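Listed in order, the protein sequences are those of chains A and B.
Heads up: the first sequence begins at 1 in UniProt numbering, then just goes up one per residue.
Heads up: the second sequence begins at 1 in UniProt numbering, then just goes up one per residue.
One structure is given below, encoded as structure tokens.
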Amino acid sequence: MAQGSRQYFAVAILMCAFVSINGVGLNDLLDRASQLSDKLHYLSTSLTNDLDSHFPPIGRGMMPRPSLCHTSSLQIPNDKDQAMKVPEDELLSLARSLLLAWSDPLALLSSEASSLAHPERNTINSKTKELQDNINSLGAGLEHVVHKMGSSSDNLSTLPFNGNNLGQDKTSRLVNFHFLLSCFRRDSHKIDSFLKVLRCRAAKKRPDMC
Amino acid sequence: MRISAAVLILTLIADLISQAAGVSPPGKPRLTSCRSPEKETFTCWWEPGDDGGLPTTYALYYRLENTETVKECPDYKTAGENSCFFDKNATSLWVNYNITVVATNALGRNISEPVEVDVVYIVQPNTPENVKAVVIHEDRDPFVKVSWDKPRTADTRSGWITLHYQLRVKQEEDKEWVEYDAERQKNYNVFSLHSDREYMVQVRCKPDHGFWSEWTQTTYVKMPNYIPRERSLWIMITIFSVFIVFILTWMLKVKHNSVKLCLLPPVPGPKIKGFDKQLLKSGKSEEVFNSLVIPGFPPTTDYDDLLVEYLEVYDNEEQELVLDGKDLSEDSMKSKSPSDSDSGRGSCDSRTLLLDKCMEGSGNDQHNYSQHGETSWASSSECSESQGSPGSPESTDGRMKTWPVVFSSPQPHHHYQVGATKPAYHSVPEILKHSPSHAIPSNYHQLYLQDIPPQEGRFTKPPCRHSQSYNQFNMDNVDISEAGVPPSRSLEYVEVQRVNPENILLLRPLSDPNREPEGSDRIDEDYSKVKEVTSNNTLLLQRETSHQVVNDYSQDFESYADQCTAQQTPHPCKPVMTQLHSQDMRVMGNGYVDTTVLMPLYKQF
Numbered sequence: 001m002a003q004g005s006r007q008y009f010a011v012a013i014l015m016c017a018f019v020s021i022n023g024v025g026l027n028d029l030l031d032r033a034s035q036l037s038d039k040l041h042y043l044s045t046s047l048t049n050d051l052d053s054h055f056p057p058i059g060r061g062m063m064p065r066p067s068l069c070h071t072s073s074l075q076i077p078n079d080k081d082q083a084m085k086v087p088e089d090e091l092l093s094l095a096r097s098l099l100l101a102w103s104d105p106l107a108l109l110s111s112e113a114s115s116l117a118h119p120e121r122n123t124i125n126s127k128t129k130e131l132q133d134n135i136n137s138l139g140a141g142l143e144h145v146v147h148k149m150g151s152s153s154d155n156l157s158t159l160p161f162n163g164n165n166l167g168q169d170k171t172s173r174l175v176n177f178h179f180l181l182s183c184f185r186r187d188s189h190k191i192d193s194f195l196k197v198l199r200c201r202a203a204k205k206r207p208d209m210c
Numbered sequence: 001m002r003i004s005a006a007v008l009i010l011t012l013i014a015d016l017i018s019q020a021a022g023v024s025p026p027g028k029p030r031l032t033s034c035r036s037p038e039k040e041t042f043t044c045w046w047e048p049g050d051d052g053g054l055p056t057t058y059a060l061y062y063r064l065e066n067t068e069t070v071k072e073c074p075d076y077k078t079a080g081e082n083s084c085f086f087d088k089n090a091t092s093l094w095v096n097y098n099i100t101v102v103a104t105n106a107l108g109r110n111i112s113e114p115v116e117v118d119v120v121y122i123v124q125p126n127t128p129e130n131v132k133a134v135v136i137h138e139d140r141d142p143f144v145k146v147s148w149d150k151p152r153t154a155d156t157r158s159g160w161i162t163l164h165y166q167l168r169v170k171q172e173e174d175k176e177w178v179e180y181d182a183e184r185q186k187n188y189n190v191f192s193l194h195s196d197r198e199y200m201v202q203v204r205c206k207p208d209h210g211f212w213s214e215w216t217q218t219t220y221v222k223m224p225n226y227i228p229r230e231r232s233l234w235i236m237i238t239i240f241s242v243f244i245v246f247i248l249t250w251m252l253k254v255k256h257n258s259v260k261l262c263l264l265p266p267v268p269g270p271k272i273k274g275f276d277k278q279l280l281k282s283g284k285s286e287e288v289f290n291s292l293v294i295p296g297f298p299p300t301t302d303y304d305d306l307l308v309e310y311l312e313v314y315d316n317e318e319q320e321l322v323l324d325g326k327d328l329s330e331d332s333m334k335s336k337s338p339s340d341s342d343s344g345r346g347s348c349d350s351r352t353l354l355l356d357k358c359m360e361g362s363g364n365d366q367h368n369y370s371q372h373g374e375t376s377w378a379s380s381s382e383c384s385e386s387q388g389s390p391g392s393p394e395s396t397d398g399r400m401k402t403w404p405v406v407f408s409s410p411q412p413h414h415h416y417q418v419g420a421t422k423p424a425y426h427s428v429p430e431i432l433k434h435s436p437s438h439a440i441p442s443n444y445h446q447l448y449l450q451d452i453p454p455q456e457g458r459f460t461k462p463p464c465r466h467s468q469s470y471n472q473f474n475m476d477n478v479d480i481s482e483a484g485v486p487p488s489r490s491l492e493y494v495e496v497q498r499v500n501p502e503n504i505l506l507l508r509p510l511s512d513p514n515r516e517p518e519g520s521d522r523i524d525e526d527y528s529k530v531k532e533v534t535s536n537n538t539l540l541l542q543r544e545t546s547h548q549v550v551n552d553y554s555q556d557f558e559s560y561a562d563q564c565t566a567q568q569t570p571h572p573c574k575p576v577m578t579q580l581h582s583q584d585m586r587v588m589g590n591g592y593v594d595t596t597v598l599m600p601l602y603k604q605f
């Protein structure tokens, strides 16, 4: 919670600085965004580990395939060579699209976390909340990056999420929760990787950090 | 039917034979780990199961999550035994690999458990390379700068992978390593290493979301032999402060007296001779006060001491006055011989008799003065120059010093009967003795008989002009003698003009006709008034506490310059001397012991 609020505050500072003096460099913006995305993925991994600690064996068999993630339709570079060929603004829009696609599902996860049939429910609940804050902060920060980079913000892909609830019984709810979380974990890694590529591309003057 | 039965029987027999021979199908292999060093390729390793005694082959098959195609491992060799290396083309990120290993031998095959692998979650970089540790000698204490390079395969330049570094240091004999985080830098400064020791250094790295690499090979670094700056600084500080302490001690020693005086000024203790503290503690005030009374105290001839208390100073020469008095008293105490140069001096010669200046007067007087040496008369007081008329009042300028003069007997042994107070005028009797006797001027009469009106103070103040009279010891001051005694004044002093060779104390009243008698009652308490001079050459003192005259006589005085009767004076010469006994001492209304009453007055004519 503290981390999320801190990062939110950090991004707010960024916004203030941007609005007031317009002196925050792109490097710093991207650096900050990378830190936020790093935190995002770290949280999701931690949540997954918490869930896995007491996952019913039968649930593993019921786990849907990752290709069923609602963001799987988004075309992204799958390896480094492909990624190196993608231009910056496209990378940025990919990151932003993914981020946008997860705001609703995370809200669902957040609401479901409190009633999970899991012994680590409280921890999961708090981390989910933190995740939500983090996403909002990162989204706002990326908005500024977009403005700084001057790229248009209208080529975002929409990735609709149609889930209203996670299931009827507690097991299926737990399984679906786990599945959603795993999809999010992967997508957060994508966002993080793209932003860090963008960071190093923008920081050509500082080779020591890249 | 018969064939299947035969096959069955043959298989059984074969199994039995093979079991008897010790061969079996392979055991189940197990995928141990898959790792990607740079997020571009990855390798999987498996653990073969029991081979069943027969040559067994292993095959790894994988399937990407979105497809149904099962592919076999493209490279079994690169990564070594029982491994499968996926090159860049075969590697896709953010997709799950379903990997299985199949062990096959002559008797059968075995399939391992499937493993789901996402390449981005299995990143473990290679170790950092080219670790260097050098000792840097700069202005400060030497430290070690450790530097390294990134693992060759990791592409941090494009940001595809971000590495965090960590190093650890220890001495050979230490048990625990000390770890330092270098974040994303490729160098690190290690401080606080001990001098003249050898240290081991190792480095490793980790991607932002992955596993730590292995530690590098140990790099050795030797710290040089040096004295820590901090210690040398403390040594210098210590030496410097010791030096300062020495200097301060020496200074204190040299000047300890003045320092002591400055810090602990001496507190003068109250001392009253004859005062017994013990008596006071006992709480009986009568005893205390009685003990203060000493027979023979005060010395009859030392009334000039007491006169000090009645010093009335009008100008800033008081300081000089007091000082003079002090000196004089000391001198008097020291020298008891009448020939003492500074003793026995009359008012003129006495420096403490801050009467009118004994200015340069007549020559013979000067001569007399010279007998005594000092003449601080001229300097002691600055009377007004208006010394024309004898009877004129004291100098009107405020600079006249008036001095109540108590006449003391010429008996030297009386001088110091009381050792308590240093008489300012102790010299008076000596003066009397020394000075050549002269005829008592008639002014004496005037002094004593006329110049002391009852309501006046006991002592008459000789007018300022008396300085002149001092100079002229005897009769030259006829004019002065004619000077009428000034009307009663608040303070009446008799001024010792001079001590003539005959040890006659010539007194002159300090008269100030301009002055009104003021508070004569008050004065009465403080001073004794000479009433008359008896035939015994004793001054009859008038003690007036309530306008009553109390005459006390003292017969103790032995020798008086009996010049009174010998001289022609317009008034009867009545040497008056009073010596009050102890019981005659009175405690005056204002709380003071009226020691003046005790003082014998001696008057000679």
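By construction, the Cβ of each residue, glycine as well, lies at the ideal position given by its N, Cα and C atoms.
Everything numeric in this text was worked out from a predicted model, so none of it was measured.
Following the DSSP letters along the chain, one finds residue 63(B) inside the beta strand (DSSP E) bounded by residues 56–64. Within a 10 Å sphere around the beta-carbon of residue 189(A) sit 16 or more other beta-carbons, which makes this residue buried.
DSSP places residue 144(A) in the helix class (H, G or I) of the three-state scheme. Apart from sequence neighbours up to five positions away, the residues of its chain that approach residue 128(A) with a beta-carbon distance below 8 Å are 47, 106, 109, 110, 113, ordered along the chain. For the options 1(B), 99(B), 213(B), 56(B), the alpha carbon positioned closest to that of residue 84(B) is the one of 99(B). Separation of residue 101(A) and residue 212(B) (C-alpha to C-alpha, rounded to the nearest whole angstrom) is 32 Å.
For residue 192(A), the enclosing alpha helix (DSSP H) stretches over residues 170–202. For residue 123(A), the three-state secondary structure derived from DSSP is helix. DSSP, read as helix, strand or coil, puts residue 166(B) in strand. The Cβ atoms of residue 204(B) and residue 127(B) sit closer than 9 Å to each other. Note that the region 60–78 of chain A does not touch the region 7–25 of chain B; fewer than 3 beta-carbon pairs, one per stretch, sit closer than 8 Å. Taking 9 Å as the CB threshold, residue 201(A) lines the interface with chain B.
The C-beta separation of residue 89(A) from residue 4(A) comes to about 28 Å, leaving the pair out of contact by the 8 Å criterion. With 16 or more other Cβ atoms inside 10 Å of its own Cβ, residue 133(B) counts as buried. Residues of the region 93–104 of chain B whose Cβ lies closer than 8 Å to any Cβ of chain A, in chain order: 93, 94, 95, 96. For residue 67(A), the nearest CB of chain B lies under 9 Å from its own CB, placing it at the interface with that chain. Judged by pairs of C-beta atoms under 8 Å, the region 36–55 of chain A does not touch the region 44–59 of chain B, as fewer than three such pairs exist.
Cβ neighbours of residue 209(B) within its own chain (closer than 8 Å, five residues either side excluded): 120, 121, 123. Chain B has no Cβ within less than 9 Å of the Cβ of residue 122(A). The shortest C-alpha to C-alpha distance from residue 217(B) to any of 57(B), 148(B), 176(B) is the one to 148(B). The DSSP-derived three-state label of residue 147(B) is strand. Taking 9 Å as the cut-off, the beta carbon of residue 144(B) is found closer than this to the beta carbon of residue 223(B).
Two segments are said to touch when three or more pairs of C-beta atoms, one from each, lie closer than 8 Å; by this definition the region 193–201 of chain A touches the region 150–164 of chain B. Take residue 207(B), set aside five residues on each side of it, and the residues of its chain with a beta-carbon closer than 7 Å to its own are 123, 125, 161, 162, 163, in chain order. Note that the C-beta distance between residue 145(A) and residue 10(A) is not below 9 Å. Under the DSSP assignment, residue 110(A) falls outside any beta strand (DSSP E), being part of the alpha helix (DSSP H) whose first and last residues are 103–113. Taking a Cβ-Cβ threshold of 9 Å, the residues of chain A close to residue 40(B) are 79, 80, 81, in chain order.
Chain order gives the chain A residues near residue 120(B) as 189, where near means a beta carbon separation below 7 Å. When the Cα atoms are used, residue 147(A) and residue 91(B) turn out to be separated by approximately 35 Å. The DSSP-derived three-state label of residue 63(A) is coil. Chain B has a Cβ within less than 9 Å of the Cβ of residue 209(A). With its beta carbon less than 9 Å from one in chain B, residue 76(A) belongs to the interface.
Here residue 99(B) is bridged, per DSSP, to 62(B), 115(B). The Cβ atoms of residue 194(A) and residue 51(A) lie no closer than 9 Å to each other.
Contact annotation: in the UniProt domain "Fibronectin type-III" (127–226) of chain B, residues whose CB is within less than 9 Å of a CB in chain A are 155, 156, 157, 158, 159, 160, 161, 162, 184, 185, 186, 208, 209. At a cut-off of 4 residues, the continuous stretches assigned as alpha helix (DSSP H) that sit fully inside the region 239–273 of chain B are 256–263.
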